[in-house]
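*Asks:* The listed protein sequences derive, respectively, from chains A and B.
Sequential numbering of the first sequence, starting at 26, is according to this note's numbering.
Sequential numbering of the second sequence, starting at 26, is according to this note's numbering.
There are 2 protein chains.
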Amino acid sequence: MTPLKLSPLSPTEFPNMPSLAGVELATAATGVKYKDRDDLLLMVFPPKTNLAGVFTKSSTAAVSVHLSKQVVQSNIGRCLLVNAGNANAFTGRNGDQSADSILSYLSKISGISQKSMMMASTGVIGEPLDDSLICLHLNKLWESKGTADWQQAANAIKTTDTFAKASSHTIYFDDQPVHICAIAKGSGMIAPDMATMLGFIVTDAEIEPSLLQKMLTQINAKSFNAITVDSDTSTSDMVILAATATSKVKISSDAGAGELAEKFKTSLRLVMTDLAHQIVKDGEGASKFITVNVKGAISDHSAHIIAKSIANSPLVKTAIAGEDANWGRIVMAVGKAGEPAERDKLSIKIGGILVAENGQKSDGYTEAMISDHMKSNTILIDVDLQLQNGTSTVWTCDLTHDYISINADYRS
Amino acid sequence: MTPLKLSPLSPTEFPNMPSLAGVELATAATGVKYKDRDDLLLMVFPPKTNLAGVFTKSSTAAVSVHLSKQVVQSNIGRCLLVNAGNANAFTGRNGDQSADSILSYLSKISGISQKSMMMASTGVIGEPLDDSLICLHLNKLWESKGTADWQQAANAIKTTDTFAKASSHTIYFDDQPVHICAIAKGSGMIAPDMATMLGFIVTDAEIEPSLLQKMLTQINAKSFNAITVDSDTSTSDMVILAATATSKVKISSDAGAGELAEKFKTSLRLVMTDLAHQIVKDGEGASKFITVNVKGAISDHSAHIIAKSIANSPLVKTAIAGEDANWGRIVMAVGKAGEPAERDKLSIKIGGILVAENGQKSDGYTEAMISDHMKSNTILIDVDLQLQNGTSTVWTCDLTHDYISINADYRS
């Protein structure tokens, strides 16, 4: 196939990433699926590393998801191996054995217990994964650990992403720096077999596992779990957060330590939200980045369901692709969500302009008022249900001809 | 805009419809939205008519839905007025008043109590409905009742439909005929919770309202509520079933009358399923008609959720548009449904050919085996979860460039 064209919403350059002593990176090119590019990433963590993770809820999850989940739960992870191009999902017992062969060989080389190894696989579903091809490159990969930078790492995990995704933040606690470095891949433009996403976040802070998990879960709900490209959930999604304890800063949930934790959490949220937005901006066929804010719902959960109903609606997404301020489709999407809403209380703003209120088009609103906004590549939708205080924000992209071309014309 | 091209899945001709004495039809062209075509339909029923109805569950339902629901519930309906081109939804108090003006004027002309009048409106959401323009045509419409045929009626209620939809069946009970005649519209904003679809079914049998409603609800679950075009549920869906009691056949739920009722129900199901299929075949941009059968689920409800997850998946639908036997996307859609499924029990057939079983690609399966099937315009997907006995069938169409063109370029 012809190479996918760079997303029009892509950032202009790869971000500057600080050096983070607590993790060693290495990449390799195995040729499992792609030619002439890295497709294998190894991340090695020091022994004191604490882990947190969130994983796909798919009932047909890939073997890598099951393996990594176990390692995170027992908090004994020392390394993570990521292969791109083959999801090793729905590959049955053979697929389980492929993963086992790879990790057992890596264990032999590295001396790290196999039980401490996490794995992530992304790419086509249902094709056998050639473990021997990957094993061929493990010696060199292990020997070269520490030589790759974050850009190489972010590139190695791409499938059909059109740009490498990374984000970082440095926080000072009494002049002691703590770094957060993170990479991600995915969203629909991309892996036409799924809307896969992977996210790997490393910090050099020392953070106890229960607090780490709590922070990851909370922020994940408002970042990676608040984006949608095409409503399709992959078999392979995972986000792993590793705290290597290589800085001088310890963040705990002890009484009195709340301020430190909040400061860290704010930075973590910035990094995760930035990556989540990058995934949407690389959404298959995306030409516009859309923010959907819902408030006034009976609960945050209800607001989230309504925001997702709007963000997943093919009719809302095609209207935006057509730069058409068709707010009636937003009304429809609120209505179909199955959550409490009252016609005569609902109000809708587009680009900050009130278009509908009191159960009808707003007095004085004309389409000309938002036509410039509709032509821009950043669309803002605000829905106020005026019932109670539930709020949610979801980010998505529009649905264009390129989405169809990529997914109907591209044979994976 | 340029006229929509006829769906490639369209029937070759409008069906033969029997005459049904119990209903009088009339149509008119008001010019509310469309030029040079009928957009108003009146159906008049005799006094003894019994009614049943199913309506959208949208929390932003149109005023016509609320009005018609009330009339059906009190079983006093004498006529139904349908306008196409404007849904009179999210038009606030003004919209309520528009509907009231129209029906009160029609009541004055016809002598039928306003409380006995049903209304259905379909078209753009959020635009004020010009009731004076409709009222202008009501005198002539009422006077011409009985002059329109089913084809004119089916044409008058179209919006983005590319063909008029009708179906009928005649059943003989001891040589006494009972007719079922039905029309429907719908093409986009179609999802299994009553879609932007209207369906009007008339029979000349005499059937008590509770039995009529029971049959309609049961069959609706397996016909209109088992189709999806784009997962978007409209503000205006309704299906109304009127039994005019103008034939000599009475169908009751009395002991011993079960056989009659079953015979009638079978015919009603044929008619409703035929119309539901016609709506999918006129799905916006549709090039293929897709049947998704799920069995072996833990319940029928669970099977239905999984079947809908497959039928609504943009990645499954674009793969089929591309004639790509990408069964990994079906695995993904089963996995994301949130219902019990086990990788190693799941099996998938496409076009009757086993493609996946035991958690992986089936032995001996090659894509060549189903390439002819993928090129045809009727696609069959069978999923067996092998857990328990829950089954469901959902019908849908593929997702093509034409869906994007129709919805990004057209204000519907």
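Where a beta carbon is used, it is the ideal one built from N, C-alpha and C, also for glycine.
Please identify, using Cβ separations under 7 Å, the residues of the segment 421-433 of chain B that lie next to chain A, in order along the chain.
*Replies:* 424, 425, 426, 429, 432, 433
*Asks:* Just the chain B side, please: which residues come within less than 7 Å of residue 412(A) by C-beta, in chain order?
*Replies:* Neighbours of residue 412(A) in chain B, taken as residues at a C-beta separation under 7 Å, are lacking, since the least C-beta distance is about 11 Å.
*Asks:* Can you pull the chain A neighbours of residue 120(B), defined as C-beta to C-beta under 7 Å?
*Replies:* 385, listed in chain order.
*Asks:* Compute the Euclidean distance between the alpha carbons of residue 115(B) and residue 180(B), then round it to the nearest angstrom.
*Replies:* 25 Å
*Asks:* Using a threshold of 6 Å, is the CB atom of residue 106(B) nearer than that to any non-hydrogen atom of the ligand NAP?
*Replies:* Because no ligand of any kind appears in the structure shown, any question about the ligand NAP cannot be addressed here.
*Asks:* By DSSP, does residue 125(B) sit in helix, in strand, or in coil?
*Replies:* DSSP places residue 125(B) in helix when its eight states are reduced to three.
*Asks:* Looking at the C-beta of residue 77(B), does it have a partner C-beta in chain A at a distance below 7 Å?
*Replies:* no
*Asks:* How big is the Cα-Cα spacing for residue 349(A) and residue 279(B)?
*Replies:* 56 Å
*Asks:* How many Å lie between residue 304(B) and residue 210(B) at the Cα?
*Replies:* 7 Å
*Asks:* Using a Cβ-Cβ cutoff of less than 7 Å, which residues in the same chain neighbour residue 59(B) once the five nearest sequence positions on both sides are dropped?
*Replies:* The residues are 110.
*Asks:* Out of 344(B), 249(B), 99(B), point me to the one whose CA is closest to residue 235(B)'s CA.
*Replies:* 99(B)
*Asks:* Does residue 404(B) get closer than 7 Å to chain A when you measure Cβ to Cβ?
*Replies:* no
*Asks:* Count the other C-beta atoms from every protein chain shown that fall within 10 angstroms of the C-beta of residue 243(A), then say buried if there are 16 or more, exposed otherwise.
*Replies:* exposed
*Asks:* Based on Cα-Cα distance, which residue from 91(B), 70(B), 73(B) lies nearest to residue 80(B)?
*Replies:* 91(B)
*Asks:* Check whether the segment 258-274 of chain B and the segment 378-390 of chain B are in contact - that is, three or more C-beta pairs closer than 8 Å.
*Replies:* No: fewer than three Cβ pairs fall under 8 Å.
*Asks:* Do residue 336(A) and residue 274(A) have their C-beta atoms within less than 7 Å of each other?
*Replies:* no
*Asks:* Helix or strand or just coil, what does DSSP make of residue 233(B)?
*Replies:* coil
*Asks:* Quick one: using the 10 Å Cβ neighbour count with 16 as the cut-off for buried, is residue 214(A) buried or exposed?
*Replies:* Only weak support exists for where residue 214(A) lies, its pLDDT of 34 falling under 50; the value from the coordinates is given anyway. Classification of residue 214(A): buried, given that the 10 Å Cβ count is 16 or more.
*Asks:* Which residues in chain B have a C-beta closer than 9 Å to the C-beta of residue 210(A)? List them in chain order.
*Replies:* By Cβ distance, chain B contributes nothing, its closest Cβ being about 17 Å from residue 210(A), past 9 Å.
*Asks:* Using C-beta distances below 7 Å, list every residue in its chain close to residue 352(B), excluding the 5 sequence neighbours before and after it, in chain order.
*Replies:* 373, 375, 380, 381
*Asks:* List, in chain order, every chain B residue whose beta-carbon is nearer than 7 Å to that of residue 391(A).
*Replies:* Those do not exist, as residue 391(A) stays about 13 Å from chain B at its closest Cβ, beyond 7 Å.
*Asks:* Checking contacts by CB at 7 Å: is residue 85(A) closer than that to chain B?
*Replies:* Residue 85(A) counts as touching chain B.
*Asks:* For the 8 Å Cβ check, are there 3 or more pairs between the segment 278-298 of chain B and the segment 320-333 of chain B?
*Replies:* no
*Asks:* I'd like the span of the alpha helix (DSSP H) that includes residue 162(A), first residue to last.
*Replies:* Unbroken run through residue 162(A): none, as it is neither H nor E.
*Asks:* Can you tell me where the alpha helix (DSSP H) with residue 334(A) in it begins and where it stops?
*Replies:* 325-337
*Asks:* Going by CA-CA distance only, name the one from 50(B), 84(B), 247(B), 270(B) that's closest to residue 68(B).
*Replies:* Of the listed residues, the one whose Cα sits closest to residue 68(B) is 50(B).
*Asks:* With 7 Å as the limit, tell me which residues of the segment 175-197 of chain A have their beta carbon closer than that to any beta carbon of chain B; keep them in chain order.
*Replies:* The segment 175-197 of chain A vs chain B, Cβ under 7 Å: nothing.
*Asks:* Look at the alpha carbon of residue 175(A) and the alpha carbon of residue 35(A), and state the distance between them as a whole number of angstroms.
*Replies:* Taking C-alpha positions only, residue 175(A) is separated from residue 35(A) by approximately 18 Å.
*Asks:* Taking the alpha-carbon positions, what's the residue 89(B) to residue 97(B) distance?
*Replies:* Cα to Cα, the separation comes out at about 12 Å.
*Asks:* Rounded to whole angstroms, what's the CA-CA distance from residue 136(A) to residue 312(B)? Just pull it up for me.
*Replies:* 56 Å
*Asks:* Which residues mark the beginning and the end of the alpha helix (DSSP H) in which residue 314(A) is found?
*Replies:* No alpha helix (DSSP H) holds residue 314(A); the beta strand (DSSP E) holding it covers 314-322.
*Asks:* In whole angstroms, what is the alpha-carbon distance linking residue 190(B) and residue 226(B)?
*Replies:* 12 Å
*Asks:* Would you check if the distance between the CB atom of residue 460(A) and the CB atom of residue 145(A) is smaller than 7 Å?
*Replies:* There is no way to answer for residue 460(A), as the model of chain A reaches only from 26 to 437.
*Asks:* On the DSSP bridge list, what partners appear for residue 198(B)?
*Replies:* Beta-bridge analysis with DSSP links residue 198(B) to 201(B).
*Asks:* In chain B, what lies closer than 8 Å to residue 147(A) by C-beta?
*Replies:* The premise fails here: residue 147(A) is roughly 13 Å from chain B at the closest Cβ pair, so nothing lies under 8 Å.
*Asks:* Determine the chain A residues that contact residue 249(B) at a beta-carbon separation under 8 Å, and present them in chain order.
*Replies:* In chain order: nothing, as chain A lies at least about 15 Å away.
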